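**Student:** Just so we're on the same page, the working numbering is the position in the sequence shown counted from 1, plus 554.
We put the CB at the ideal spot given by N, CA and C, even for glycine.
Quick caveat: nothing in here was measured; it's all calculated off a predicted structure.
Dumping the structure here so I can ask a few things about it.
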Amino acid sequence: MGIPAILRRKNSHVESRAWTDLFPGNQGIGSKRIDPLIVGITLALSLGGLVMVFSASGVMAENKFTNATYYLQRQIVWMLLGFGVLVVGSLIDYRQWKQWIPVVVGGCIVGLLLVLAVGPQINGARRWLALGFFSIQPTEMAKLAVVLYLAAFLSNPQRRVTDWQRGFLPPVAMVGIMCGLIVVEPDLGSTVVISLVFVGMMYLAGARVRHLTYLGGPLIVGVGALIWMSPERWERMTTFMNPFADRQGAGYQLVQSILALENGGLFGVGLGQGKQKLMFLPEGHTDFVLALVGEELGLIGTCGLLALFAILVCKGFRVAALAPDLFGRYLALGITMLLGIQALINAGVVSGLLPTKGLTLPLVSYGGSSLLVTMLALGILLSVARQGRAGP
555 MGIPAILRRK
565 NSHVESRAWT
575 DLFPGNQGIG
585 SKRIDPLIVG
595 ITLALSLGGL
605 VMVFSASGVM
615 AENKFTNATY
625 YLQRQIVWML
635 LGFGVLVVGS
645 LIDYRQWKQW
655 IPVVVGGCIV
665 GLLLVLAVGP
675 QINGARRWLA
685 LGFFSIQPTE
695 MAKLAVVLYL
705 AAFLSNPQRR
715 VTDWQRGFLP
725 PVAMVGIMCG
735 LIVVEPDLGS
745 TVVISLVFVG
755 MMYLAGARVR
765 HLTYLGGPLI
775 VGVGALIWMS
785 PERWERMTTF
795 MNPFADRQGA
805 GYQLVQSILA
815 LENGGLFGVG
825 LGQGKQKLMF
835 LPEGHTDFVL
845 ALVGEELGLI
855 GTCGLLALFA
865 ILVCKGFRVA
875 ALAPDLFGRY
885 LALGITMLLG
895 IQALINAGVV
905 SGLLPTKGLT
915 LPLVSYGGSS
925 LLVTMLALGI
935 LLSVARQGRA
945 GP
């Protein structure tokens with residue numbers, strides 16, 4: 555059976571279809587313990603990511619900072635903070651987030667505006683806010699804020715998602731404001747992720763396909779226009795079609811990523827033995843860490859890592875199916891889609907199946923903002939799981 559069923563609204567009442575068919579016998583009250591599978595996968599991915607970040611960044615850190623463990627030390631700090639956030643998020647009743655959503659959404663909008671106003675320009679983009687000895691990326695929190703907002707909106711019995719004016723346009727406007735600010739940074743990759751999560755949640759909530767089509771047409775045209783008007787984006791798109799045509803120029807990063815995966819073969823060259831990290835593959839510890847996984851651990855290691863994401867996504871849908879209320883259901887769905895879509899896009903970019911986008915691999919790539927927000931999202935998912943009904 556495919557993605558868990560579509561939730562439909564009918565005469566201001568909510569009618570769920572096929573959720574109980576997918577997971578039957580779930581009428582009892584669930585246990586209040588932390589879900590061991592979610593915690594186990596989170597530990598495996600984050601600790602594995604720590605190893606790969608060190609392997610991928612050691613040479614670069616030595617050359618740049620004369621300290622091979624520079625990025626490792628920072629990632630350890632972020633990971634410890636992240637697990638603290640995860641624990642706190644799992645212990646807080648997820649329903650409490652309803653009253654905090656206006657503050658979270660408002661804070662994200664302010665943060666995105668501040669980035670555009672005072673954020674440092676790095677590689678032609680303004681995506682970070684410098685706060686003393688570290689920087690934060692408001693876009694990462696904005697992704698989770700959109701999920702929280704949509705979960706609250708769609709679970710409101712007074713909102714009928716089939717109603718164009720009262721149930722469809724309001725979330726379009728709110729998400730549109732967020733995406734508009736992110737596009738200006740520019741960060742088209744995060745905008746695509748948020749848009750896909752929005753469409754997925756609205757569809758599962760029972761939005762009319764006709765309404766989504768009305769929205770999808772202008773979105774596709776808008777994305778196409780943004781790509782066409784930006785020389786850098788247009789170059790990425792044309793390079794994606796044939797990266798080897800300009801392997802020393804615009805196609806360099808993608809070519810090196812493909813070569814890393816090819817060199818790894820089935821079993822890999824061995825942990826720490828990869829060659830692409832020797833200043834050949836840019837962003838090897840961040841957006842393209844999966845390429846280093848493929849080179850050093852081979853196809854088997856890469857498939858194993860992606861399998862963990864697949865299991866986490868399946869578990870997230872199960873948590874949504876067993877959630878005690880609609881807010882928890884949509885919250886679990888949104889968080890699951892957010893993590894799954896971003897991991898899928900990252901894998902597609904690294905393997906050359908999708909145009910290059912600046913998206914991290916959740917829990918695995920280097921980056922404090924991404925890691926903290928991902929841990930918070932998983933903590934909220936654990937909270938929903940703790941309150942959920944018992945499965946078969």
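#1: Can you say whether F821 is buried or exposed, counting buried as having 16 or more other CB atoms within 10 angstroms of its CB?
#2: Thinking just about the alpha-carbon of each residue, which of P590, L708, L844 and L666 is nearest to the one in I899?
#3: What does the Cβ neighbour count give for T910, buried or exposed, with the cut at 16 atoms within 10 Å?
#4: Classify V775: buried if its beta carbon has 16 or more other beta carbons within 10 angstroms, exposed otherwise.
#5: Quick check on DSSP: helix, strand or coil for L635?
#6: Look up L685 in the DSSP assignment and give the residues it is bridged to.
#7: For the alpha helix (DSSP H) holding T596, just list the boundary residues, first then last.
#8: Use the C-beta contact count for A931: other C-beta atoms within 10 angstroms, 16 or more gives buried, fewer gives exposed.
#9: Please work out which residues of its chain come closer than 6 Å, Cβ to Cβ, to Q941, disregarding the five sequence neighbours upstream and downstream, and give them in chain order.
#10: According to DSSP, is F834 helix, strand or coil?
#11: Drop a sphere of 10 angstroms on the beta-carbon of E816, count the other beta-carbons inside from all chains shown, and report buried for 16 or more, exposed for fewer.
#12: Just to confirm, is the Cβ distance from L708 to V715 under 8 Å?
#13: So, for L917: in the same chain, excluding its five sequence neighbours on each side, which residues have a beta-carbon less than 6 Å away from its beta-carbon?
#14: Per DSSP, what kind of secondary structure is A736 in: helix, strand or coil?
#15: Write down the C-beta distance between V873 and G894 rounded to the nearest angstrom, noting that I regard them as a contact closer than 8 Å.
#16: Would you call the segment 839–853 in contact with the segment 610–625, where contact means no fewer than 3 C-beta pairs closer than 8 Å?
#17: Starting from A931, trace the alpha helix (DSSP H) in both directions and tell me its first and last residue.
#18: What are the start and end residues of the alpha helix (DSSP H) that includes P772?
#19: Could you check where the alpha helix (DSSP H) with Q810 kicks off and where it finishes?
#20: Among residues of its own chain, excluding the 5 on either side of G848, which ones have a beta-carbon nearer than 8 Å to its beta-carbon?
#21: Considering only C-alpha positions, which residue in the set A622, G888 and A679 is nearest to L758?
#22: What did DSSP end up calling A759 once you bin it into helix, strand or coil?
#23: On a Cα-Cα basis, can you pick out the residue from L666, G778, L808 and I595 that is closest to L860?
#24: A877 by DSSP, collapsed to three states: which one?
#25: Any idea what DSSP makes of I731, helix, strand or coil?
#26: Taking the C-alpha atoms as reference points, what is the distance between L832 and M614?
#27: With distance defined between alpha-carbon atoms, name the residue in V763, S923, A696 and V672 nearest to T745.
#28: Note down the Cα distance separating V657 from L915, rounded to an integer number of angstroms.
#29: So, at 6 Å on beta carbons, what are the nonlocal neighbours of I812 in its own chain, with the 5 sequence-adjacent residues on each side left out?
#30: Is the separation between the beta-carbon of T693 and that of D647 shorter than 8 Å?
#31: Given K869, which residues of its chain have a CB within under 7 Å of its CB, disregarding the five upstream and five downstream residues?
#32: Going along the chain, which unbroken runs of the beta strand (DSSP E) with 3 or more residues stay wholly within the segment 648–715?
**Tutor:** With the structure as the only source:
#1: exposed
#2: L844
#3: buried
#4: exposed
#5: helix
#6: F688
#7: P590 to F619
#8: buried
#9: P878
#10: coil
#11: exposed
#12: yes
#13: L599, S600, G603 and T928
#14: Note that residue 736 is Ile in the sequence shown, not Ala. Correct three-state label for I736: helix.
#15: At roughly 13 Å, the Cβ-Cβ gap does not stay under 8 Å, so V873 and G894 are not in contact.
#16: yes
#17: G922 to Q941
#18: V763 to M783
#19: Y806 to G818
#20: A814, L815, G818, G822, G855, T856 and V904
#21: G888
#22: coil
#23: I595
#24: coil
#25: helix
#26: 7 Å
#27: A696
#28: 28 Å
#29: G906
#30: no
#31: L591 and I592
#32: 683–685 and 688–690
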